[in-house]
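**Q** My questions all concern the structure below.
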């Protein structure tokens, strides 16, 4: 964080503390409204109608969720399940294929995929024949567009030449490797053992098969993490030359994720130490030529995310930051969320409930949200803050029909608690560099939904 002092003599760190950064828990704003606001008022009939309303010939995105892992890492709060056998994975793939057929029957003709992402869980635990089978099922729904991106989350511990060959043959051209941290003490503590050599071999195997873009995830705020350990892990990661990096803050929520109770809470860094860890990593990425993208991503200047950030085309969805312009994202699999111009639709989270619905021949939509009132306007304001650190007054006025005076009143009321840390003028709202750690808190100020009962992650 740049050194900055305010007129009242407070330095930036003290000001951030005074505004509650180190105590606040706020949404990550990968959607608006956020998932805790979803309800059963949206069901299968709504999702079906929204699918039918997609214009013919549209470019859409598709996310495919595989919730299985060979082992359950203690740090992970995602809804996953462990399996040592391929039997439940094979059964699940059959259900995915059935859901894809249901979706295909509702889509208009000539739809193509601009983005395809396989996530989890661990999609790479699928055997080569399952990868080939599932890829063919996706292609039967809609072909990949000529310039499409097909990305897969790769677990270096759960990949081999045969599976890499199958993914490459399916058209994968982007891969995301989860690293978390390379330090063995930290890996022992979070239940995630993954050596540097295994990770490097996976990266080399991907590039040898023509994967043109490599993403990596790394965490700050892990137990026993220190600035020196953070710097060492980041430098090891940079030796793999990833095209983009997501620097996520570890969310320690043992009351929500039972497996996190295996992690000693007294080994966690303080919020102030978390900010320092982020800054160590941030500086190293910057020194190595990476450009900052949003609040927690870094990318090489040639990467699509960096280009989108420079050109004002950066967007945010359930996978984080994206340069995907498609207005529709279809989620396939248990707990997967779809985004339509009309709202959000989420599948049943439990694999059993999801499977039962699909095998009964109906969509598995369990809950969601239909946009009403100011939802779309506020969604754009929040996305603009998260992506660009500014809200363009003219854009909001022109796009949503709000008067300039009404925008000014809304903006000034929302950012009033942040005082001089946020700038409001005739051009709109701007978060200066020194205040960017507050971005999620500032975004929450534009959120009209009740967040008091939702258990969100720490603001830093």
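Numbering (the numbering used here), first residue to last: 20 to 479. From the three backbone atoms N, C-alpha and C, an ideal C-beta is built for every residue, glycine too.
1) Going by beta-carbon coordinates alone, are residue 344 and residue 360 separated by less than 8 Å?
2) Excluding sequence positions up to five away, which residues of its chain have a Cβ less than 7 Å from the Cβ of residue 190?
3) Quick one: is residue 308 buried, meaning 16 or more other Cβ sit within 10 Å of its Cβ, or exposed?
4) Residue 275: buried (16+ other C-beta within 10 angstroms of its C-beta) or exposed?
5) My output table needs one value for residue 285: the three-state DSSP class, helix, strand or coil.
6) Of all the beta strand (DSSP E) runs that stay within the bounds of the segment 326 to 377, which reach a length of 3 or more residues?
7) Could you say which of 401, 125, 457, 153 lies nearest to residue 137 if we only look at CA atoms?
8) Could you name the residues that DSSP lists as bridge partners for residue 388?
9) Express the C-alpha separation of residue 142 and residue 209 in angstroms, rounding to a whole number.
10) DSSP three-state label for residue 219, please.
11) Given a cut-off of 8 Å on the beta-carbon distance, is the pair residue 115 and residue 81 in contact?
12) Count the C-beta pairs between the segment 253 to 265 and the segment 231 to 242 that are closer than 8 Å, then say yes if the count reaches three, no if not.
13) Let me know the secondary structure DSSP gives residue 51 once reduced to three states.
14) Which residues in the same chain have their Cβ closer than 7 Å to the Cβ of residue 176, if we skip the five residues on either side of it in sequence?
15) Cβ of residue 441 less than 8 Å from any chain C Cβ?
16) Is the CB-CB distance between residue 340 and residue 323 below 8 Å?
17) To the nearest angstrom, how far is the alpha carbon of residue 20 from that of residue 426?
18) Cutting at 7 Å between CB atoms, please list the residues of its own chain near residue 27, excluding the five before and the five after it.
19) Mind checking residue 86: buried by the 16 CB within 10 Å criterion, or exposed?
20) Along the chain, which unbroken stretches of the beta strand (DSSP E) at least 3 residues long are found entirely within the segment 84 to 169?
21) Using only CA atoms, which one of 351, 406, 366 lies nearest to residue 334?
22) Between the C-alpha atoms of residue 492 and residue 33, what's the straight-line distance to the nearest angstrom?
23) Would you report the Cα separation of residue 472 and residue 46, rounded to the nearest angstrom?
24) Where do the N-terminal and C-terminal ends of the alpha helix (DSSP H) with residue 292 fall, by residue?
25) Let me know if residue 364 comes out buried or exposed under the rule of 16 or more other beta-carbons within 10 Å of its beta-carbon.
26) Throw me the rounded Cβ distance for the residue 332 and residue 325 pair, which I believe falls under 8 Å.
27) Okay, do the segment 394 to 414 and the segment 450 to 464 touch, 3+ Cβ pairs below 8 Å being the bar?
28) What's the C-alpha gap between residue 174 and residue 219?
29) Alpha helix (DSSP H) containing residue 233: first to last residue?
30) Would you call the segment 390 to 400 and the segment 98 to 113 touching, i.e. three or more CB-CB distances under 8 Å?
31) Closer than 7 Å by C-beta to residue 252: which residues in its own chain qualify, once you throw out the five before and the five after it? Chain order, please.
32) Assign residue 312 to one of three DSSP states: helix, strand, or coil.
33) Examine the Cβ distances between the segment 380 to 392 and the segment 412 to 420 and report whether three or more of them are shorter than 8 Å.
34) Using only the alpha-carbon positions, how far apart do residue 440 and residue 90 sit?
35) Mapping the DSSP letters down to three states, classify residue 449 as helix, strand or coil.
36) Residue 434: buried (16+ other C-beta within 10 angstroms of its C-beta) or exposed?
**A** On the basis of the data shown:
1) In this structure, residue 344 keeps its C-beta atom at 8 Å or more from the C-beta atom of residue 360.
2) Apart from sequence neighbours up to five positions away, the residues of its chain that approach residue 190 with a beta-carbon distance below 7 Å are 163, 169, ordered along the chain.
3) Residue 308 is exposed by the Cβ-count criterion.
4) Residue 275 comes out exposed.
5) Residue 285: helix per DSSP, three-state reduction.
6) At a cut-off of 3 residues, the continuous stretches assigned as beta strand (DSSP E) that sit fully inside the segment 326 to 377 are 334 to 336, 339 to 341, 348 to 351, 356 to 359, 362 to 366.
7) Checking every option, the nearest Cα to that of residue 137 belongs to 153.
8) Paired residues: 363.
9) Spanning the two alpha carbons is a distance of roughly 21 Å.
10) Residue 219 falls in the helix class under three-state DSSP.
11) No, the Cβ-Cβ distance between residue 115 and residue 81 is not below 8 Å.
12) They touch, by the three-pair rule.
13) Coil.
14) Short of 7 Å from the beta carbon of residue 176, and not among the five residues preceding or following it, lie these beta carbons of its own chain, in chain order: 213, 217.
15) Here chain C cannot be found, since the structure has a single protein chain.
16) Residue 340 places its beta carbon 8 Å or farther from that of residue 323.
17) With a pLDDT of 41 at residue 20, under the threshold of 50, the modelled position of that residue is not reliable, and the figure given next carries that caveat. Counting only the Cα atoms, residue 426 lies some 30 Å from residue 20.
18) Here the model assigns residue 27 a pLDDT of 41, short of 50, so the residue's position is not dependable, and the following value carries that caveat. Residues of the same chain with their beta carbon placed closer than 7 Å to that of residue 27 are lacking, with the five preceding and five following residues left out of the count.
19) Classification for residue 86: buried.
20) Correct list: 131 to 139.
21) Residue 406 is the option with its Cα nearest to residue 334.
22) For the chain, the structure presents residues 20 to 479; residue 492 sits outside this window and is missing.
23) As the crow flies, the alpha-carbon of residue 472 is around 12 Å from that of residue 46.
24) Counting along the chain, the unbroken alpha helix (DSSP H) around residue 292 starts and ends at 290 to 306.
25) Here residue 364 is buried: its Cβ has 16 or more other Cβ atoms, across all protein chains shown, within 10 Å.
26) Separation of the CB atoms of residue 332 and residue 325 is rounded to 11 Å, and the pair is thereby denied contact status at 8 Å.
27) These segments touch.
28) Approximately 12 Å, taken between the alpha carbons.
29) Note, residue 233: premise wrong, no alpha helix (DSSP H); beta strand (DSSP E) at 232 to 239.
30) No: fewer than three Cβ pairs fall under 8 Å.
31) Excluding sequence neighbours, residue 252 sits near 200, 201, 202, 237.
32) Collapsing the DSSP output to three states places residue 312 in a strand.
33) As far as the Cβ criterion goes, the segment 380 to 392 does not touch the segment 412 to 420, which means the pair count is below three.
34) About 44 Å.
35) Correct three-state label for residue 449: strand.
36) By the 16-neighbour rule on beta-carbons within 10 angstroms, residue 434 is buried.
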